[in-house]
Amino acid sequence: MGRDLGARAISRYLVFLLFLSLFGAQTSHTQQTHPTESQVKAAYLYNFGKFVTWTGTNAGSSASFDICVLGKDPFGVVLDSTVAGGNIGEKRVTAKKISSLQESDHCRIVFISSSEQARLKAILAAAKAGGTLTVSDIPHFADKGGMIEFVPQENRIRFEVNLPATEEAGLTLSSELLKVATRVIGKTGN
Amino acid sequence: MTKTNHPFSFPAKLILISLLSLSTLFILFIGFQDVMHAQVLEANGGADNPLSQMSLEQLGNIQVTTASKAPEEVWKTPAAVYVITQEDIERSGATNIPEALRLAPGIEVARIDSDKWSIGIRGFGSRLSRSVLVLIDGRTVYTTLFAGTYWEVQDTLLDDIDRIEVIRGPGATIWGPNAVNGVINIITKKAKDTHGTLASAGGGNIEQGFANLRHGGGNGKNLDYRVYGKGFNRSPEHHTDDQNYDNWRGGQAGFRLDWAKNERDNFTVQGDIYDQADGESVQATSYTPPYSQILDSAARLSGGNILGRWTRTQGEGKDIQLQAYYDRANRREPNLGDIRDTFDVDYLQRFHVIRQEISWGLGTRFTPATNIEVVSGLTFQPDKRSDQLFTAFFQDEIALVENRLSLSVGSKLLRTNFSPVQLEPSVRLLWTPTGKQTLWAAFTHAVRTPADVERDFFLSGYIGPGPGGLQFFARFNANRNFRSEQMNGYELGYRRLITKTLYVDLSSFYNHYSDLFSEDITGSPFIEDNPPPTHILLPAEFGNGLLGTTKGVEIAPEWRPTHFWHLRGSYSYLQMDIERSRNSLDIGTAPGIEGSSPKHQAILQSGFDISKKFTLDLAYRYISALPGQKVHAYSTGDTVFGWRFNEHLRLSLVGDNLLQPYHAEDGGDPGPLVLIKRSAYAKLTWQN
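Right under this line is the structure:
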């Protein structure tokens, strides 16, 4: 009995140690493992700016290229760090947090958080008038009139585009962007 | 004090302990340093951030880890739901569905032997899992033979499972009949998500050999398909009497076809066929010598199913679904034969009306079955019967305060060919005070309709030699008056996203049961001529003589301290109080029922993504004693080491039940307890 306890305790401890040693086995880890959803979505937002042309009067109004987040912010520091130091056209890219559509006049891109789901209709109507690219991960966002909807697909993030919505807001989306979208509403056959 | 032989002498032990302590401290120190380093790296970004440099196409190809496991569905459900994802299944090393179910809180999974389990949700665990509704892609896999699920034939390619939703408590109104204590909903991936070829094979000491093959494709637009085949051979578990009867082998094949005819209509056709040889040991009683014997032989189980579904999305939250399936199950066991066909059609519609989401549906099921008598101690009368079931449901989900407070009211309606119309009303309230927490409460009335086994079944047991040279038997006679079991369930739950990486789900319940299945003695022994030869009979029947309550709590926290380390746990507490009702003739089965479900269950899982190539998952689980099964409390551990060679090939090394050479989990077989062995297997998977 004593012997069993000794051996068993040792083996249990070894299991625990193995557990801990993996904790220590992380070295230059972040480069090798999977990024989070927020990081990929932030990278997308930054990228979209390069493939969209703003043709409305709002186009030249701001000194910076603003990517805004409306509602509960799921990005935190991630969006700021993704855009830091980047330029689109000749404008500095900045990330901003806004709490109402009124503040979105100078936003080129607005990401609508899922916390705003209830006010979606009003938000989309105002965004169309303002010539802002609306992006969200709210389910069926694109069907409801949103411009770009993030869709998870098997642990990857893809997106769908609502073409008529972008046209109504005076935005032109590059064909390169449309090619990568998993679904483009408003194109023939969709 | 006796001198025992220690393998480590005292000085050696001292050195060993100091070495271990030093290495622990060292590792903690390194680990701490690395976490700080990792956090610094994460905060750094900027346009130099590699992600920002990627093209849209590249971004769409990156695999992401989700920050929290509170998907939309779970968050807004006023019920105790737990979702086991495909990744959970893969990283748990489970080779079949019951083993994957261990990951969910509130569900008791006890392995009886190599091919049988005793499963229950919130109590009443048994081989038969009577009060739990199990569905695979909308097809009910419950058998009307004894109102339960034969887990050994519920199988599919585990890689094709998208998720398993485990709902503890009476299912939200829309689920089918007998969802009294819970619903297990197994959902497979859509055909468009399983393109390409997947081949895997492996073996170990108990999982002696298994192979899986799947191929999927599509026309690139709206038609996708997959076909699969699998085979396995599993050796017996540990028997102290060397009666190694539970060898298990089988094969299964199936297909799925998905057609998106237009943006509104979707069609799916899927089917499976299987054939298995399940080793079992059963008690067989006969009125002729040898009266009672244990038969060890392989049961032949085979069958198949085909299911078709049409979904039409009419936009704005309106949709309709029509589904029909046929299922055939053949069971040839050493003491019984059963051939069962099931025809089922269901219709469901959902639509929005000012602040309300209304769903309603109708379903009908027709089950003709034939029972084959193998031993005279186990007979059905009539031996051919057709069961009919009619269900309807209605549910209204009212948004009292948009996105904050919602009330669901509804009811199921159930009618079978041997029970009158029964209503199962349910009221649920969901309150979301902030975007990070929800509170829900529910009241449901549920019923478990009678099964063949209660109404048509004659089960005899041999007591021994009796006076006058006659043999003494007891027989449970069919009870045509067996009523449905009734249950009133009260539940309360709370979910909270404490930080972006820490989530906790709490559920509590109080269930009151009446008219529970009991084993009643209905009279004094008497001499009987039929079946011959003349013998003495103690008459009994299955009655509705028990009642009682169950109450408990389930806590399931989930924490991602870093994005390469995922910690999960769950603790379930269950208190069962079952007793005889007034005027009950039950022989005293209540303590056995109470003692067959564990009071405490705990599981702790740790998932490490060591690097892009290596993953390590460790699980520790504890189950408290089952006095009704003569099983002690046990704790054991499982580990899965994953090695990805390249994007096509990966290896898994799995070790199960590692902390002891063997342990008992449940006593469902006749004879001594079968002990579940420590096991390991390796699996190689190739995928393109």
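Chains as they are written, first to last, in the numbering used here: chain A, 6 to 195; chain B, -7 to 680.
A virtual CB, placed ideally from N, CA and C, is assigned to each residue, including glycine.
Keep in mind that this is a model prediction, so the values were computed, not measured.
Spatially closest choice to residue i from the options, by CA coordinates
i: Pro374 of chain B; options: B:Ala361, B:Val366, B:Phe386; result: B:Ala361
i: Phe450 of chain B; options: B:Glu365, B:Phe518, B:Asp497; result: B:Glu365
i: Gly130 of chain B; options: B:Gly263, B:Pro525, B:Ile615, B:Gly112; result: B:Gly263
i: Gly95 of chain A; options: A:Gln107, A:Lys102, A:Ala68, A:Ala89; result: Position check: residue 95 of chain A holds Glu in this sequence, whereas Gly was assumed. Looking at the Cα atoms, A:Ala68 is the closest of the given residues.
i: Gly90 of chain A; options: B:Gly52, B:Glu100, B:Ser44; result: B:Ser44
i: Gln235 of chain B; options: B:Gln268, B:Arg256, B:Val274; result: B:Val274
i: Gly153 of chain A; options: A:Thr99, A:Gln107, A:Ile190, A:Lys101; result: Note on identity: in this sequence residue 153 of chain A is Ile, with Gly being the wrong assignment. The option with the nearest alpha carbon to Ile153 of chain A is A:Ile190.
i: Ser403 of chain B; options: B:Thr542, B:Gly168, B:Glu546, B:Asn53; result: B:Gly168
i: Gly580 of chain B; options: B:Glu546, B:Asn522, B:Asn395, B:Phe509; result: B:Phe509
i: His555 of chain B; options: B:Ala71, B:Gly115, B:Pro459, B:Thr493; result: B:Thr493
i: Asp185 of chain B; options: B:Gly163, B:Gly174, B:Ile153; result: B:Ile153
i: Ser294 of chain B; options: B:Thr305, B:Ala269, B:Glu546; result: B:Ala269
i: Pro281 of chain B; options: B:Tyr454, B:Pro459, B:Phe259; result: B:Tyr454
i: Leu728 of chain B; options: B:Asn214, B:Leu484, B:Val393; result: Lying outside -7 to 680, the shown extent of chain B, residue 728 of chain B is not represented and no answer is given.
i: Ala186 of chain A; options: B:Gly52, B:Gly117, B:Val545; result: B:Gly52
Under 8 Å from the C-beta of residue i: neighbouring residues of chain A
i: Ser689 of chain B; result: Missing from the structure shown is residue 689 of chain B; chain B here goes from -7 to 680 and no further.
i: Glu511 of chain B; result: The contacting residues do not exist; Glu511 of chain B stays about 41 Å from chain A at best.
i: His655 of chain B; result: Under the 8 Å cutoff, chain A gives no residues; its nearest Cβ is about 13 Å from His655 of chain B.
Where residue i meets chain B, residues with beta-carbon distance less than 7 Å
i: Lys77 of chain A; result: Gly427
i: Gln44 of chain A; result: Leu43
i: Val185 of chain A; result: Leu48, Glu49, Gly52
First and last residue of the uninterrupted alpha helix (DSSP H) at residue i
i: Asn52 of chain A; result: 42 to 56
i: Ser506 of chain B; result: Note, Ser506 of chain B: premise wrong, no alpha helix (DSSP H); beta strand (DSSP E) at 494 to 513.
i: Gln50 of chain B; result: 48 to 51
i: Glu683 of chain B; result: Here chain B comprises residues numbered -7 to 680, so residue 683 of chain B is not present and cannot be evaluated.
i: Glu657 of chain B; result: Run containing Glu657 of chain B: none; DSSP gives neither H nor E here.
i: Pro90 of chain B; result: 89 to 93
Exposure label - residue i; buried when at least 16 CB within 10 Å
i: Lys605 of chain B; result: exposed
i: Lys675 of chain B; result: buried
i: Leu641 of chain B; result: exposed
i: Gly660 of chain B; result: buried
i: Ile490 of chain B; result: exposed
i: Arg347 of chain B; result: exposed
i: Thr383 of chain B; result: buried
i: Glu639 of chain B; result: exposed
i: Arg256 of chain B; result: exposed
i: Asp151 of chain B; result: buried
i: Lys46 of chain A; result: buried
i: Lys108 of chain B; result: buried
i: Val345 of chain B; result: exposed
i: Ile519 of chain B; result: exposed
i: Ala127 of chain A; result: exposed
i: Trp678 of chain B; result: exposed
i: Gln107 of chain A; result: exposed
i: Pro162 of chain B; result: buried
i: Ser671 of chain B; result: buried
Range covered by the beta strand (DSSP E) that runs through residue i
i: Thr171 of chain A; result: Here Thr171 of chain A belongs to no beta strand (DSSP E); instead the alpha helix (DSSP H) covers 168 to 173.
i: Ala191 of chain B; result: 188 to 196
i: Arg696 of chain B; result: This structure cannot settle anything about residue 696 of chain B, because the visible part of chain B is limited to -7 through 680.
i: Val158 of chain B; result: 153 to 160
i: Val666 of chain B; result: 666 to 669
i: Gln597 of chain B; result: 592 to 601
i: Ser69 of chain A; result: 69 to 75
i: Arg472 of chain B; result: Premise fails: Arg472 of chain B is in no beta strand (DSSP E) and is neither H nor E.
Chain B residues whose Cβ lies nearer than 8 Å to that of residue i
i: Glu159 of chain A; result: Asp185
i: Val57 of chain A; result: What Val57 of chain A touches in chain B: nothing, since even the nearest Cβ is about 12 Å away.
i: Gln122 of chain A; result: Asn395
i: Arg163 of chain A; result: Gly52
Interface residues of chain B facing residue i [CB-CB closer than 9 Å]
i: Leu182 of chain A; result: Leu48
i: Val166 of chain A; result: Chain B residues near Val166 of chain A: none, gap ~11 Å exceeds 9 Å.
Contact set between residue i and chain A, taken where Cβ atoms lie within less than 9 Å
i: His558 of chain B; result: What His558 of chain B touches in chain A: nothing, since even the nearest Cβ is about 11 Å away.
Residue ranges of each beta strand (DSSP E) within the region 130 to 161 of chain A, 3 or longer: Counting whole runs of 3 or more residues, the region 130 to 161 of chain A contains the beta strand (DSSP E) stretches 138 to 141, 153 to 158.
3-residue-minimum beta strand (DSSP E) runs that sit fully inside the region 538 to 572 of chain B, ordered along the chain: 557 to 572
Length-filtered (4 minimum) alpha helix (DSSP H) runs lying within the region 430 to 456 of chain B: 444 to 447
Any alpha helix (DSSP H) of 4 or more consecutive residues that is wholly inside the region 199 to 276 of chain B: none
Sequence ranges, alpha helix (DSSP H) only - wholly within the region 296 to 321 of chain B, length at least 4: none
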